[in-house]
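Chemist:
Residue numbers (my numbering), protein chains in the order written: chain A, 1 to 463; chain X, 1 to 463.
Okay, here's the thing in structure tokens:
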């Protein structure tokens with residue numbers, strides 16, 4: 001066998017093995033062919049025997065050759081096809097290497113006013129870096145069966161939630177999860193809601209319905225009015241209800257306390273579960289935020305509270321928290337664990353530090369001021385250029401809804417607007433059975449100097 | 001109305017609103033009761049009118065009071081029940097605050113030899129911190145509809161995968177996901193495998209079966225032998241097969257090239273999909289790693305490749321990657337997006353930096369040396385103290401399997417061992433239909449000085 005080794009500086013054993021695979025590929029060696037002994041081949045190649053033994057080991061481990069007791073090595077069945085299919089017996093070890101320039105960002109409408117996009121432009125970069133530098137010193141855990149415990153984050157959040165949302169929790173009440181949507185997906189299995197009915201707001205948060213229905217729950221759509229969901233429309237067959245009482249998504253209603261207590265009474269009477277998604281309870285403008293539903297007396301046993309850093313901080317961070325009623329906590333924890341829904345400890349620690357050192361409070365104050373100014377400018381521009389259209393949900397959150405008559409195809413309108421450089425969401429996209437038409441207009445990223453131009457473009461597209 | 005304001009330093013408007021809610025709670029105010037005008041109440045309280053107007057606004061927004069045109073404000077229906085249920089009209093803004101000490105870690109067996117737990121103790125802390133500090137300067141994206149693009153990580157991984165696993169990919173072929181398990185859960189819906197059959201290895205990776213079956217696929221269990229899964233056992237009705245060819249989980253077989261090419265031939269003939277989970281292809285001891293199945297010629301169209309940082313780096317990091325065949329990439333991307341399965345950009349950038357600056361290669365070299373030494377010590381101790389037991393899967397990975405006779409209840413054995421201070425997994429826990437008994441023993445965290453004591457404890461429990 002006349003082997004030709006390649007001239008690279010790769011280890012000799014790889015070059016020998018590759019040369020044999022090359023012979024196979026070219027058909028000069030076939031299954032069943034005997035190989036020379038390692039001593040003979042080493043002599044032929046004028047190399048020491050060690051690399052040849054290593055090459056044979058490598059080829060045997062990869063299945064190219066077989067070593068039969070008493071009769072030396074031979075080419076294995078199928079080795080020729082494998083070689084022709086491009087198989088090699090080894091790969092090189094890892095090395096560092098340079099990387100190229102980043103790709104350009106994808107193109108967008110001139111005014112991207114789709115909701116749910118907080119502006120992270122005024123994030124205090126220095127504070128952000130400080131928090132992550134602090135997190136960098138965090139030692140990762142090896143306890144993969146339970147995931148990171150996020151001890152500090154849960155302590156910090158307990159206090160944050162008590163102060164900002166009025167809920168008295170213990171750190172052990174909280175579970176940390178990578179996002180609201182993933183959390184909702186785990187709830188049907190965790191809470192025995194498979195095959196049972198979960199009532200949702202209509203119009204409402206589409207990801208919530210799909211999270212429930214994709215995971216085995218039936219959906220019952222309850223219409224919302226200017227006070228949000230009406231608890232008197234709940235039925236006994238409803239096992240749970242998903243609500244956004246702080247700021248109904250997307251219409252913006254703030255559920256009055258009378259409905260909150262009525263909701264709680266339904267939960268008590270029907271043994272139903274209230275899933276409270278407090279996704280942006282922090283941003284209110286004319287009035288102070290109302291405490292969360294979960295803060296009501298007796299709510300601990302009936303309200304599963306969910307909060308998130310997506311709206312108050314950074315949407316792609318993927319840090320959310322939930323506080324199930326105590327008797328459901330373990331079931332939820334186990335299901336989250338089963339789905340590997342964990343947040344890595346560096347991310348958790350960065351958020352904990354950002355909250356604990358006051359950066360979140362400062363960021364929140366700055367964000368609230370900025371959003372309030374943007375909201376005011378947008379609402380003024382809408383009043384100026386579209387005086388005949390009613391608005392919904394201007395008190396809070398990061399978007400308003402421009403209501404349209406029921407016979408208008410708002411999807412069509414949004415497509416027309418896109419051609420005018422304005423990207424907004426049609427209200428009908430948030431509806432299950434309800435017929436509500438309008439445009440959901442996010443203003444978090446709309447600077448005051450652009451508001452007038454954006455609304456003029458919007459008005460042009462609407463008329 | 002004689003209101004008594006609390007003596008705190010909270011804003012006057014909150015104290016006024018709280019006092020009115022207090023009157024409601026105590027029953028001194030009831031639904032329908034008129035409220036004094038803001039001017040009258042301001043005079044009574046000897047405060048300016050502004051805070052009273054703000055308090056009424058707050059109470060109205062919370063639904064405690066109603067303002068009727070022409071007749072002033074009055075207590076709203078249900079406000080009394082709400083007040084008694086503990087509702088307040090506002091919460092205080094966020095403030096920073098101190099946090100307490102961490103909780104103690106939970107207790108464990110003296111020798112935790114459960115598999116899947118890489119030792120992060122020899123992670124280069126300085127390099128780790130450097131990577132995260134670098135990531136700290138990463139500006140988060142607002143493009144939440146598509147999530148972070150991980151441009152640099154995908155570039156870096158492309159090179160890493162080419163060098164370490166022999167696969168030629170473009171950065172655009174790769175998708176970044178938060179963990180293998182979550183990724184597998186998305187595949188049935190993404191790939192049209194709902195209601196169809198996915199073949200899996202038996203014994204095999206339990207999380208994979210449950211990911212497929214929980215999400216609508218049927219499971220077909222194929223027995224594995226010392227060469228892993230046998231492609232000739234695949235049937236035409238199998239729409240896909242999930243395999244761990246680099247290191248069959250948990251038995252440790254390395255699939256020989258002949259079977260790899262046969263597997264690819266099945267995929268071509270049956271138009272089947274091969275899901276290659278390359279979870280720890282990097283750790284091999286006696287021989288160089290075999291390139292991934294995906295590296296075979298013609299595999300691009302038939303093999304969905306999955307890799308992860310869990311085993312080579314940190315299990316709780318939650319960074320995995322997958323390269324679907326090109327024609328399936330968009331469907332997978334959309335489904336991952338729909339499930340919000342994203343990795344935040346700081347985490348992605350930290351991993352990219354750790355790979356790009358050579359820290360991963362250094363860590364990997366250190367880890368491989370350490371694990372090889374631990375493996376050698378464990379295998380030697382097993383040979384010494386349990387000479388009659390066969391081992392499986394000693395060539396690679398981070399665990400070995402101690403085989404037991406088929407009539408032994410290995411679950412029972414593992415419970416007995418736990419009482420002897422040794423935590424291992426029974427092999428039967430990895431079986432669907434197969435009857436295989438043994439103990440899956442992870443050695444990643446078993447230092448050389450403890451190996452003998454651990455195996456002696458194990459031997460005591462076994463006899």
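Glycine included, each C-beta is placed from N, C-alpha and C at the ideal position. All values derive from a computational prediction rather than experimental measurement.
What residues from chain X crowd round residue 415(A), counting only those whose CB sits closer than 9 Å?
Modeler: Here residue 415(A) refers to the residue found at position 415 when the first chain is read from its first residue. In chain order: nothing, as chain X lies at least about 17 Å away.
Chemist: Check whether the Cβ of residue 261(X) lies closer than 7 Å to any Cβ atom in chain A.
Modeler: Along the second chain, one-based indexing puts residue 261(X) at 261. At least one chain A Cβ lies under 7 Å of residue 261(X).
Chemist: Spell out the partners DSSP gives residue 442(X) in its beta bridges.
Modeler: Within the second chain, the letter at position 442 stands for residue 442(X). DSSP lists 399(X) as partners of residue 442(X).
Chemist: Is the shortest distance between the beta-carbon of residue 447(X) and the beta-carbons of chain A less than 7 Å?
Modeler: Within the second chain, the letter at position 447 stands for residue 447(X). With 7 Å as the cut-off, residue 447(X) does not count as an interface residue toward chain A.
Chemist: Along chain A, in chain order, which residues have C-beta atoms closer than 7 Å to that of residue 464(X)?
Modeler: Shown here, chain X extends from 1 to 463; a query on residue 464(X) therefore has no answer.
Chemist: Suppose contacts are defined by Cβ-Cβ distances below 7 Å. Is residue 292(X) in contact with residue 165(X) by that definition?
Modeler: As a working note, residue 292(X) is residue 292 in the second chain. As a working note, residue 165(X) is residue 165 in the second chain. A contact, by the Cβ cut-off of 7 Å.
Chemist: Would you check if the segment 207 to 222 of chain A and the segment 257 to 273 of chain A touch, i.e. whether three or more CB-CB distances between them fall below 8 Å?
Modeler: As far as the Cβ criterion goes, the segment 257 to 273 of chain A does not touch the segment 207 to 222 of chain A, which means the pair count is below three.
Chemist: For residue 186(A), return the contacting residues in chain X, with the cut-off set at a CB-CB distance below 8 Å.
Modeler: As a working mapping, residue 186(A) is identified with position 186 in the first chain. Here the premise fails: no neighbours, minimum Cβ distance about 11 Å.
Chemist: Determine, using beta carbons only, whether residue 132(A) comes closer than 7 Å to chain X.
Modeler: Within the first chain, numbered from 1, the residue matching residue 132(A) stands at position 132. Yes, residue 132(A) lies at the interface with chain X (some Cβ there is under 7 Å from its Cβ).
Chemist: Does residue 197(X) come out as helix, strand or coil in the three-state DSSP assignment?
Modeler: Residue mapping note: residue 197(X) aligns to position 197 of the second chain, counting from 1. Three-state result, residue 197(X): strand.
Chemist: May I have the straight-line CA-CA distance separating residue 18(X) from residue 430(X), to the nearest angstrom?
Modeler: Taking the first residue of the second chain as position 1, residue 18(X) is located at position 18. Taking the first residue of the second chain as position 1, residue 430(X) is located at position 430. C-alpha separation (whole angstroms): 59 Å.
Chemist: Which partner residues does residue 68(A) have in the DSSP bridge list?
Modeler: Numbered from its first residue, the first chain carries residue 68(A) at position 68. Beta-bridge pairing links residue 68(A) to 72(A).
Chemist: Tell me residue 423(A)'s beta-bridge partners as DSSP assigns them.
Modeler: Position 423 of the first chain, counted from the first residue, corresponds to residue 423(A). DSSP lists 112(A) as partners of residue 423(A).
Chemist: Pick out the complete alpha helix (DSSP H) segments inside the segment 165 to 214 of chain X, 4 residues or longer, and give them in chain order.
Modeler: Correct list: 180 to 190 and 206 to 214.
Chemist: Which residues, in order along the segment 319 to 350 of chain X, keep a beta-carbon less than 9 Å from a beta-carbon of chain A?
Modeler: Under the 9 Å Cβ criterion, the segment 319 to 350 of chain X contributes 319, 338, 339, 340, 341, 342, 343, 344, 345, 346, 347 and 350.
Chemist: Just grab the DSSP bridge partners of residue 315(X) for me.
Modeler: Sequence index remark: in the second chain, residue 315(X) carries index 315 (1-based). None, per the DSSP bridge assignment.
Chemist: Is there at least one Cβ from chain X nearer than 7 Å to residue 268(A)'s Cβ?
Modeler: As a working note, residue 268(A) is residue 268 in the first chain. Not closer than 7 Å to any Cβ of chain X, the Cβ of residue 268(A) fails to qualify, so no.
Chemist: Between 30(X), 203(X) and 325(X), which has its C-alpha nearest residue 252(X)'s C-alpha?
Modeler: Locating residue 252(X) in the second chain gives position 252, counting from the first residue. Residue 252(X) has its Cα closest to that of 203(X), out of 30(X), 203(X) and 325(X).
Chemist: Closest Cβ-Cβ distance between residue 296(X) and chain A: below 7 Å?
Modeler: Here residue 296(X) refers to the residue found at position 296 of the second chain. So, interface residue.
Chemist: Which of helix, strand or coil does DSSP assign to residue 433(A)?
Modeler: For the purposes of this step, residue 433(A) is taken as the residue at position 433 of the first chain. The answer is coil: DSSP assigns residue 433(A) none of H, G, I, E or B.
Chemist: Please name the residue in 427(X), 81(X), 278(X) and 444(X) whose C-alpha comes closest to that of residue 404(X).
Modeler: Locating residue 404(X) in the second chain gives position 404, where the first residue counts as 1. Comparing Cα-Cα distances from residue 404(X) to each of 427(X), 81(X), 278(X) and 444(X), the minimum goes to 427(X).
Chemist: Who pairs with residue 228(A) in a beta bridge, going by DSSP?
Modeler: Residue 228(A) sits at position 228 when you count from the first residue of the first chain. Its beta-bridge partners are 225(A).
Chemist: In the DSSP assignment, find the unbroken alpha helix (DSSP H) run with residue 119(A) in it and report its ends.
Modeler: Here the question's residue 119(A) lines up with position 119 in the first chain. It is not in any alpha helix (DSSP H) - residue 119(A) carries neither H nor E in the DSSP assignment.
Chemist: Residue 275(A) and residue 240(A) - do their beta-carbons sit closer together than 7 Å?
Modeler: Position 240 of the first chain holds residue 240(A). Position 275 of the first chain holds residue 275(A). Yes, the pair counts as a contact, with Cβ atoms nearer than the cut-off.
Chemist: Name the two residues that bound the continuous alpha helix (DSSP H) containing residue 47(X).
Modeler: Here residue 47(X) corresponds to residue number 47 of the second chain, with the count starting at 1. No alpha helix (DSSP H) holds residue 47(X); DSSP gives it neither H nor E.
Chemist: Would a C-beta distance cut-off of 7 Å place residue 211(X) and residue 359(X) closer than the cut-off?
Modeler: Numbered from its first residue, the second chain carries residue 211(X) at position 211. Numbered from its first residue, the second chain carries residue 359(X) at position 359. Taking 7 Å as the Cβ cut-off, residue 211(X) and residue 359(X) do not qualify as a contacting pair.
Chemist: Span of the beta strand (DSSP E) holding residue 320(X)?
Modeler: Looking up residue 320(X) in the second chain gives position 320. Per DSSP, residue 320(X) belongs to the beta strand (DSSP E) from 320 to 323.
Chemist: How long is the line joining the alpha carbons of residue 350(X) and residue 135(X), rounded to whole angstroms?
Modeler: If you number the second chain from 1, residue 350(X) lands on position 350. If you number the second chain from 1, residue 135(X) lands on position 135. Each residue's Cα considered, the two are about 5 Å apart.
Chemist: Would you say residue 308(X) lies against chain A (beta-carbon separation less than 7 Å)?
Modeler: Here residue 308(X) refers to the residue found at position 308 when the second chain is read from its first residue. No - not a single Cβ of chain A is within 7 Å of the one on residue 308(X).
Chemist: Using DSSP's beta-bridge definition, name the partner residues of residue 276(X).
Modeler: Numbered from 1 along the second chain, position 276 holds the residue referred to as residue 276(X). In DSSP, residue 276(X) forms a bridge with 243(X) and 305(X).
Chemist: Which residues, in order along the segment 366 to 395 of chain A, keep a beta-carbon less than 8 Å from a beta-carbon of chain X?
Modeler: Listed in sequence order: 395.
Chemist: Please identify the residue among 48(A), 26(A), 209(A) and 43(A) whose C-alpha is closest to the C-alpha of residue 12(A).
Modeler: Stepping through the first chain from its first residue, residue 12(A) is reached at position 12. When only C-alpha atoms are compared, the closest one is 48(A).
Chemist: Looking at C-beta atoms only, is the number of pairs between the segment 77 to 85 of chain X and the segment 409 to 427 of chain X that lie closer than 8 Å three or more?
Modeler: Output reads no: the segment 409 to 427 of chain X does not touch the segment 77 to 85 of chain X.
Chemist: Assign residue 238(A) to one of three DSSP states: helix, strand, or coil.
Modeler: Start at 1 with the first residue of the first chain, and residue 238(A) comes out as number 238. Three-state result, residue 238(A): strand.
Chemist: Have a look at the DSSP bridge pairing and note the partners of residue 16(X).
Modeler: Position 16 of the second chain, counting from 1, holds the residue named residue 16(X). In DSSP, residue 16(X) forms no bridge with anything.
Chemist: Kindly indicate which three-state DSSP category residue 342(A) falls into: helix, strand or coil?
Modeler: Taking the first chain and counting its residues from 1, one reaches residue 342(A) at position 342. Reduced to three states, the DSSP call for residue 342(A) is coil.
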